[in-house]
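The structure appears below as structure tokens.
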Amino acid sequence: MGFWDCHCNNSLLHPTLLLGSPTYRTKLPAGSPITTMIKVLASAMYNNLTARSPSNAVTIIPSHTNEPNEGETTRAKEKGTDEALTSKSLKFLDKAVTSKPVHPVLQCTRKQVEEVKIVLRILPILMSTIMLNCCLAQLSTFSVQQAATMNTNLGSLKVPPASLPVFPVLFIMILAPLYNHVIVPFARKVTKTEMGITHLQRIGIGLMFSIIAMAVAALVEIKRKNVAAKHGLLNTAEPLPITFLWVAMQYLFLGSADLFTLAGMMEFFFTEAPLSMRSLATALSWASLAMGYYLSSVLVDIVNGVTGAYRHRPWLVGTNLNHYHLERFYWLMCVLSGVNFFYYLLWASRYKYRSTELDDDDLKENQNYSNLKN
1 MGFWDCHCNN SLLHPTLLLG SPTYRTKLPA GSPITTMIKV LASAMYNNLT
51 ARSPSNAVTI IPSHTNEPNE GETTRAKEKG TDEALTSKSL KFLDKAVTSK
101 PVHPVLQCTR KQVEEVKIVL RILPILMSTI MLNCCLAQLS TFSVQQAATM
151 NTNLGSLKVP PASLPVFPVL FIMILAPLYN HVIVPFARKV TKTEMGITHL
201 QRIGIGLMFS IIAMAVAALV EIKRKNVAAK HGLLNTAEPL PITFLWVAMQ
251 YLFLGSADLF TLAGMMEFFF TEAPLSMRSL ATALSWASLA MGYYLSSVLV
301 DIVNGVTGAY RHRPWLVGTN LNHYHLERFY WLMCVLSGVN FFYYLLWASR
351 YKYRSTELDD DDLKENQNYS NLKN
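Per full-length UniProt numbering, the sequence shown starts with residue 1, numbered consecutively.
Below, the structure is given as structure tokens:
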């Protein structure tokens, strides 16, 4: 029935989506940002390798004329303009700009190189959010299994354990207005800035919440197993005399983490990415979500493989959750999230916002985005 409900709802709402298509804002494709990145990286690597080759050494003959001609003056002006656009980081990519590329396809402009530099500087921030999404994956796996062993009654209503992932959505719906109308205005007064809380600060707060959530999940699992042992229900499938709302606590903290990090990450990628690569940068947040869920599966396999070695029982294998060592897995996730947080601090402290380097198109687009939000 659940699948039929989804099918019927999609069938009814799809025409509504099509009716609004004449009013949608569309933008004609102007090349792939991935192609630009590959071209810049390939050109930079080739030019760096050829520059180091002894066969490419060139003897410089000094000019005997003291006055520069008109061509030299023009080239000097162009060089000065390029130097003004050149950032100091990732200097090896500067070699991609050359007047004589090995192939016309590898011809790169200074603007393309700087755009690739910006995306590469964003990637370490992206990598630090994967662990958070790995923690979020537990909400639809082990957390649901925990709730299935507990008392899921709310008065006369019996809550299906599979519906528990709705809790973080509810928490976000409650916390989002509180965040926008209370936390941000208060932060603006304290910091005396328009944003109040920067994008990187939002991401950092979300990562801290993920650490707390994993610690809470471990403590709740310890309590659940203690209740099972106390009532002699370790080897049975009967519901434990403990409410499933204990599991909702980890949903609360992970929902808060998702609120801060996802919002901060989307805005950070959108405002920091160059205009031509904005769609790619925005898609990176969803790529982080996908990689986090894949990492969750890999971690479970690694943990079972390591703990199952030398004839020991794997932590996360069996038909009875009471015999799992799920609390140890949650503690491991807590430690990994803590290490990931320090990794994030390392890169966030070194990151420099490009707000002062935006060109006119970027400034106009960012202003439109801010107006849409408001």
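Don't be surprised by glycine CBs; every beta carbon is placed ideally from N, CA and C.
Nearest-angstrom Cα distance between residue i and residue j?
{"i": "Y179", "j": "K158", "result": "32 Å"}
{"i": "A218", "j": "V227", "result": "14 Å"}
{"i": "G20", "j": "N320", "result": "51 Å"}
{"i": "G338", "j": "L164", "result": "26 Å"}
{"i": "G318", "j": "L233", "result": "16 Å"}
{"i": "I174", "j": "G305", "result": "40 Å"}
{"i": "Q138", "j": "T152", "result": "19 Å"}
{"i": "I205", "j": "V105", "result": "44 Å"}
{"i": "I130", "j": "R350", "result": "19 Å"}
{"i": "W246", "j": "L252", "result": "10 Å"}
{"i": "I125", "j": "A229", "result": "43 Å"}
{"i": "P161", "j": "V144", "result": "6 Å"}
{"i": "Q107", "j": "A96", "result": "8 Å"}
{"i": "L295", "j": "F329", "result": "14 Å"}
{"i": "M291", "j": "S140", "result": "16 Å"}
{"i": "A309", "j": "N322", "result": "21 Å"}
{"i": "E267", "j": "F3", "result": "34 Å"}
{"i": "K27", "j": "L17", "result": "18 Å"}
So residue i packs on residue j, CB below 8 Å; how close in whole Å?
{"i": "D94", "j": "V113", "result": "7 Å"}
{"i": "S128", "j": "W347", "result": "7 Å"}
{"i": "residue 390", "j": "T149", "result": "In the structure as shown, the chain starts at 1 and stops at 374, and residue 390 therefore has no counterpart that could be examined."}
{"i": "N48", "j": "T98", "result": "With a Cβ gap of about 11 Å, N48 and T98 do not count as contacting."}
{"i": "L207", "j": "N340", "result": "7 Å"}
{"i": "L259", "j": "A187", "result": "15 Å between Cβ atoms; not a contact."}
Exposed or buried, which one is residue i when buried takes at least 16 other CB atoms within 10 Å?
{"i": "A44", "result": "buried"}
{"i": "M333", "result": "buried"}
{"i": "H231", "result": "exposed"}
{"i": "D5", "result": "exposed"}
{"i": "F269", "result": "buried"}
{"i": "R216", "result": "Checking the sequence shown, residue 216 turns out to be Val, not Arg. Its Cβ being crowded by 16 or more others within 10 Å, V216 is buried."}
{"i": "T261", "result": "buried"}
{"i": "R25", "result": "exposed"}
{"i": "Y353", "result": "exposed"}
{"i": "L289", "result": "buried"}
{"i": "C134", "result": "buried"}
Say yes only if the C-beta of residue i is nearer than 7 Å to one or more non-hydrogen atoms of the ligand FMN, and no if none qualify.
{"i": "L17", "result": "No copy of the ligand FMN appears in this structure; indeed no ligand is present at all."}
Could you tell me which uninterrupted beta strand (DSSP E) segments, each at least 3 residues in length, are contained entirely in the segment 237 to 265, listed from first to last along the chain? 240 to 243
Could you pull out every unbroken alpha helix (DSSP H) segment of at least 4 residues lying fully inside the segment 277 to 352, listed in chain order? 278 to 307, 326 to 350
Should the segment 290 to 303 be regarded as contacting the segment 169 to 189, the criterion being three or more beta carbon pairs within less than 8 Å? no
Would you be able to state if there are at least three C-beta pairs under 8 Å between the segment 284 to 294 and the segment 33 to 48? no
What are the start and end residues of each continuous beta strand (DSSP E) run of 3 or more residues lying completely inside the segment 143 to 211, in chain order? none
Contiguous alpha helix (DSSP H) assignments of at least 4 residues, all confined to the segment 99 to 140: 110 to 128, 130 to 137
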